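Student: Sequence lines, in order, name chains R and U.
To convert, note that position 208 of the first sequence is 214 in the working numbering; the numbers rise steadily by one, no gaps.
To convert, note that position 134 of the second sequence is 204 in the working numbering; the numbers rise steadily by one, no gaps.
Using N, Cα and C, we set each Cβ at its ideal position, and we do this for glycine too.
Quantities reported herein were computed from a predicted structural model and do not represent experimental measurements.
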Amino acid sequence: MNGVHDMGGMHGFGPVTPEPNEPVFHAPWEGRVLALRRAVGGWRRWNIDAGRHTIETLPPADYLRLSYYEKWLESTIKLVLGAGLVTRRELETGHRDPAVPVATPPLTADKVLPAIMAGGPTLRETSAKPRFAAGAAVRARDINPVGHTRLPRYVRGRRGTIECDHGAHVFPDSNAKFEGENPQFLYTVRFEARELWGAAANPADAVYLDLWEDYLDAV
Amino acid sequence: MAHDHDHPHDHDHGQEMPETALRVKALESLLVEKGLVDPAALDAIVDAYENKIGPRNGARIVARAWTDAGYKARLMKDATAAIAEFGYSGAQGEHMVVVENTPAVHNLVVCTLCSCYPWPVLGLPPVWYKSSAYRSRAVIDPRGVLRDFGVSLPDDVAVRVWDSTAEIRYLVLPERPAGTDGLSAEALADLVTRDAMIGTAKVGAP
Numbered sequence: 007m008n009g010v011h012d013m014g015g016m017h018g019f020g021p022v023t024p025e026p027n028e029p030v031f032h033a034p035w036e037g038r039v040l041a042l043r044r045a046v047g048g049w050r051r052w053n054i055d056a057g058r059h060t061i062e063t064l065p066p067a068d069y070l071r072l073s074y075y076e077k078w079l080e081s082t083i084k085l086v087l088g089a090g091l092v093t094r095r096e097l098e099t100g101h102r103d104p105a106v107p108v109a110t111p112p113l114t115a116d117k118v119l120p121a122i123m124a125g126g127p128t129l130r131e132t133s134a135k136p137r138f139a140a141g142a143a144v145r146a147r148d149i150n151p152v153g154h155t156r157l158p159r160y161v162r163g164r165r166g167t168i169e170c171d172h173g174a175h176v177f178p179d180s181n182a183k184f185e186g187e188n189p190q191f192l193y194t195v196r197f198e199a200r201e202l203w204g205a206a207a208n209p210a211d212a213v214y215l216d217l218w219e220d221y222l223d224a225v
Numbered sequence: 071m072a073h074d075h076d077h078p079h080d081h082d083h084g085q086e087m088p089e090t091a092l093r094v095k096a097l098e099s100l101l102v103e104k105g106l107v108d109p110a111a112l113d114a115i116v117d118a119y120e121n122k123i124g125p126r127n128g129a130r131i132v133a134r135a136w137t138d139a140g141y142k143a144r145l146m147k148d149a150t151a152a153i154a155e156f157g158y159s160g161a162q163g164e165h166m167v168v169v170e171n172t173p174a175v176h177n178l179v180v181c182t183l184c185s186c187y188p189w190p191v192l193g194l195p196p197v198w199y200k201s202s203a204y205r206s207r208a209v210i211d212p213r214g215v216l217r218d219f220g221v222s223l224p225d226d227v228a229v230r231v232w233d234s235t236a237e238i239r240y241l242v243l244p245e246r247p248a249g250t251d252g253l254s255a256e257a258l259a260d261l262v263t264r265d266a267m268i269g270t271a272k273v274g275a276p
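#1: Residues bridged to R/T194 by DSSP?
#2: For the alpha helix (DSSP H) containing U/V102, name the first residue and the last one.
#3: Any idea if U/L92 is buried or exposed, counting beta-carbon neighbours within 10 angstroms, 16 or more meaning buried?
#4: Applying a beta-carbon distance threshold of less than 9 Å, which residues of chain C neighbour R/F184?
#5: Where does U/W232 sit, in a helix, a strand or coil, going by DSSP?
#6: Suppose the cutoff is 8 Å on Cβ atoms and the five residues either side in sequence are ignored; what does the same chain contact list for R/I149 look like?
#7: In or out: R/E185 buried (at least 16 other Cβ within 10 Å) or exposed?
#8: Per the DSSP calculation, U/L243 is bridged to which residue(s)?
#9: Hey, out of R/P66, R/H101, R/E36, whose CA is closest to U/V102's CA?
#10: Give me the chain R residues within the contact set of U/Y119, using Cβ-Cβ distance strictly less than 9 Å, ordered along the chain.
#11: Provide the residue span of the beta strand (DSSP E) that contains U/D218, from first to last.
#12: If you draw a straight line from the C-alpha of U/A266 to the C-alpha of U/V242, how long is it?
#13: What does a CB cutoff of less than 8 Å around R/A56 pick up in its chain, not counting 5 residues either side in sequence?
#14: If we require 3 or more residues per run, which beta strand (DSSP E) segments fall completely within the region 119 to 168 of chain R?
#15: Scan the region 66 to 100 of chain R for residues whose Cβ lies nearer than 8 Å to a Cβ of chain U and list them as they occur along the chain.
#16: Does the distance from the C-beta atom of R/V22 to that of U/S234 stay below 8 Å?
#17: Mind checking which residues open and close the beta strand (DSSP E) that includes U/L178?
#18: Could you have a look at R/H175 and say whether DSSP puts it in helix, strand or coil?
#19: Which two residues bound the contiguous alpha helix (DSSP H) that contains R/A55?
#20: Can you look up R/L91 in the DSSP assignment and give me helix, strand or coil?
#21: Would you give the residue range spanned by the beta strand (DSSP E) that R/A224 belongs to?
#22: Contact defined as beta carbons within less than 8 Å: I believe U/D117 pairs with R/T114. What is the distance between those atoms, to the nearest angstrom?
#23: Just to make sure I have the definition right: I need the residues of chain R whose C-beta is within less than 7 Å of the C-beta of U/Y141. Which are they?
#24: Is there a Cβ from chain U that is less than 8 Å from the Cβ of R/F19?
#25: Take R/G9 as the anchor and find which of R/D68, R/H32, R/A105 has the nearest alpha-carbon.
#26: Run through the DSSP bridge pairs and tell me what R/H101 is partnered with.
#27: Report the partner residues of R/H32 according to the DSSP bridge assignment.
#28: Note down the Cα distance separating U/K95 from U/G269, rounded to an integer number of angstroms.
#29: Quick check on U/I238: does DSSP put it in helix, strand or coil?
#30: Look at the alpha carbon of U/R130 and the alpha carbon of U/L100, and state the distance between them as a whole number of angstroms.
#31: For R/T110, return the contacting residues in chain U, with the cut-off set at a CB-CB distance below 7 Å.
#32: I need the boundaries of the alpha helix (DSSP H) containing U/G128, first residue and last residue.
#33: Residue range of the alpha helix (DSSP H) that U/V221 falls in?
#34: Distance cutoff 8 Å, beta carbons only. Does R/G14 sit that close to anything in chain U?
#35: Going by other Cβ atoms of all chains shown within 10 Å of its Cβ, with 16 needed for buried, is U/A72 buried or exposed?
#36: Checking contacts by CB at 8 Å: is U/K200 closer than that to chain R?
What follows is the structure in structure tokens.
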């Protein structure tokens, strides 16, 4: 979707302001949100792409106003409601519907580190061959999907060069809609800064993006 | 639990927002009551990211690459496997690539679409990395962003920006500073900062 989350190349957000000696969490609730999100994710009722899309679909003004962990809180609430793990009435009352039996959490403390260490790899076996070889000239498609996509607006329609392929990876556009992983080749594509930003850019500079086959055309 | 954020506050920090803290507490209490999450697991997750998984991991990788040519070769060829030699793997670092800074090339990592970041080697991202300012400008004005961090690059040093649009996560291998020939890998790791491994800083001499 052409959302406010797709920020590459925008102006007006001011300087970047590093914070000396920044703590991991600025308040204990931030860590609890991170932990809740990961722990309830153990039910495997959604995937990382669907999760990202719940953040992208926050109202744009909220997206810009909320902090990272506030966005995660809103997103987690949307996800547990959408998955039917929690009802709206339970959320409002703050208590379990007595008609619903108490569940057993899938992620227990002893499984936390192994789960973190395992992560969620997105590389998939495929018998397909990559469509593009290193060095091939490509153009990012000028498409405007209304759902989740990882093709930023600032490269759409721009020419780049295939740097390498990373094998077949889960395709976010379909996975976010629970329409299947549809694994396809993922490429690192180099775009010259001048191709993206015009003649004022430094001719030595470039931006690299990881783009799926469905985002690219041969030139 | 209706959305309730209509007052102004500093959106880049999570401080002094008692209503948010209360909403998180209410959600946690409900999820625990329903048996959907184990409170001990929540503590373990917070502990992992507060105390176990952080930029010290990445610094050890960098120091080893500086002191062991064989390791560096493995790291540049298959970063995921070379990083796993240290026991670092998993969530938000499932597929790793290391990019090397040289006198001619400076690398900078960003995620313009959200805040993708190599957690197993750097821990959780700092607030500035997640900020709209960094995400918007890193790709169009990387040299200006570097100046915000006090790094000024000559025009003939090529800047390569890596926008983490998929599940590949990037770690910058900074240049080893001069005057560090006699240092052990452990002493070298002490010099390597988180920002140097994102590409917004250089590693200074001891």
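Tutor: In brief:
#1: Paired residue(s): R/C170, R/D216.
#2: Residues 88 to 103.
#3: That one is exposed.
#4: Protein chains R and U are contained in the structure displayed, whereas chain C is not.
#5: Looking at U/W232 - three-state DSSP - the assignment turns out to be strand.
#6: Excluding residues within five positions, the ones whose Cβ falls inside 8 Å are T155, L157, R162, Y221.
#7: Exposed is the call here.
#8: Looking at the DSSP output, U/L243 shares a beta bridge with U/E170.
#9: The residue with the shortest Cα to Cα distance from U/V102 is R/H101.
#10: Chain R residues near U/Y119: V30, F31, G37, L40, A41, I122.
#11: Careful: U/D218 lies outside any beta strand (DSSP E), inside the alpha helix (DSSP H) at 212 to 218.
#12: So the alpha carbons of these two residues sit roughly 7 Å apart.
#13: Excluding positions up to five away in sequence, the list reads L85, H154, N181, A182, K183, F184.
#14: If we require 3 residues or more, the beta strand (DSSP E) runs fully inside the region 119 to 168 of chain R come out as 143 to 146.
#15: Against chain U - using a Cβ distance shorter than 8 Å - the residues of the region 66 to 100 of chain R are D68, L70, R71, L72, S73, Y74, Y75, E76, L79, E80, T82, I83, V86, L91, V92, E96, L97, E98, G100.
#16: Contact flag unset, no.
#17: In the DSSP assignment, U/L178 falls within the beta strand (DSSP E) that extends over 175 to 180.
#18: Correct three-state label for R/H175: strand.
#19: One point to set straight first is that residue 55 of chain R is Asp, not Ala, in the sequence displayed. For R/D55, the enclosing alpha helix (DSSP H) covers residues 54 to 62.
#20: Assignment of R/L91 by DSSP, reduced to helix, strand and coil, places it in the coil class.
#21: Residue range 222 to 224 is occupied by the beta strand (DSSP E) that includes R/A224.
#22: With 8 Å as the limit, U/D117 and R/T114 do not qualify as a contact, their Cβ atoms being about 14 Å apart.
#23: Contact note: U/Y141 does not reach chain R at a C-beta cutoff of 7 Å; the least C-beta distance is about 21 Å.
#24: For R/F19, the answer is yes, since a Cβ of chain U falls inside 8 Å of its Cβ.
#25: Of the candidates R/D68, R/H32, R/A105, the one whose C-alpha sits nearest the C-alpha of R/G9 is R/D68.
#26: Assignment of beta-bridge partners to R/H101 by DSSP yields no partner.
#27: Note: R/H32 sits in no beta bridge, so no partner.
#28: Roughly 37 Å between the two C-alpha positions.
#29: If DSSP states are grouped into helix, strand and coil, U/I238 belongs with the strands.
#30: Rounded to whole angstroms, U/R130 to U/L100 spans 41 Å at the Cα level.
#31: Under the 7 Å cutoff, chain U gives G105.
#32: From DSSP, the alpha helix (DSSP H) with U/G128 extends over 125 to 137.
#33: Looking at the DSSP string, U/V221 is not in any alpha helix (DSSP H), and its letter there is neither H nor E.
#34: Among the CB atoms of chain U, one or more fall inside 8 Å of the CB of R/G14.
#35: Legend: pLDDT at U/A72 = 40, less than 50; position of this residue unreliable, value from coordinates given subsequently. So U/A72 ends up on the exposed side.
#36: It does; some Cβ of chain R falls within 8 Å.
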